[in-house]
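What follows is a set of notes on a single structure, which appears directly below.
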Amino acid sequence: QELRRDPCGDSSCCWLGYKSLCRNCGRPDVDYNGVVYGNDWWVGSVVRYTCRSGFMLVGNPTRYCQPNGLWTPKPTCLGMCHWGRIEISERDLNGTCNSTCTFKSYFGPPKQGCTQIDNCKKKETGWKRFFVQCVPCICDCALSC
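Be aware that the sequence shown starts at 453, since it is given in my numbering, and climbs by one per residue.
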């Protein structure tokens, strides 16, 4: 009855749980290579984004319909062209030398032209040095297309 009386001028009585039944954000936009999941666009609703194979999601994978009727920022899908494998110091991956390269991901500034470095494996050099060194890692290197 309250909903019928109030034409949702100020949304004061048009809330059902956490959702406003007065205002919605409209269909959320999505990149050509992205996919959005969720068909509820009322204030308080959340949608989830993923990217098609070969593309990397940059940004928050979820968007929230805000009380002002606008979605929170949209993530983007960057195309990744695999370039090959490179050798990189473990220090470049996490700032330490602890001989645990496996399964590291790197999303910092570009290294040797790579925009994404992941799937890092420890490289066995077969010889020891008398001073402390970072273990070299062999990593997959990808470039943005």
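C-beta atoms are modelled at their ideal positions from N, C-alpha and C, and glycine is treated no differently. Note that the structure is a prediction, hence the values are computed from the model and not measured.
Where the beta strand (DSSP E) containing residue i begins and where it ends
i, result
"Asp592", "588-596"
"Leu530", "528-541"
Counted within 10 angstroms of its Cβ, other Cβ atoms place residue i as buried (16 or more) or exposed
i, result
"Cys533", "exposed"
"Pro459", "Reliability fails at Pro459, whose pLDDT of 46 lies under 50, so the model's placement of it is uncertain and no value is given."
"Cys566", "buried"
"Pro562", "exposed"
"Val487", "exposed"
"Gln568", "buried"
Residues sharing a beta bridge with residue i, DSSP
i, result
"Asp570", "Ser557, Asp592"
"Cys503", "Gly486"
"Trp494", "Asn476"
"Thr514", "Arg500"
"Lys563", "Cys566"
Distance between beta carbons of residue j and residue i, contact taken as under 8 angstroms
i, j, result
"Cys529", "Asn491", "With a Cβ gap of about 20 angstroms, Cys529 and Asn491 do not count as contacting."
"Pro525", "Gly511", "6 angstroms"
"Val495", "Cys517", "5 angstroms"
C-alpha gap between residue i and residue j, whole angstroms
i, j, result
"Arg515", "Pro480", "9 angstroms"
"Leu545", "Arg475", "45 angstroms"
"Tyr501", "Pro527", "8 angstroms"
"Ile590", "Gly478", "46 angstroms"
"Phe555", "Glu542", "12 angstroms"
"Ser609", "Asn571", "Given that the chain is displayed from residue 453 to residue 597, the structure contains no residue 609 and the question cannot be resolved."
"Cys553", "Ala594", "17 angstroms"
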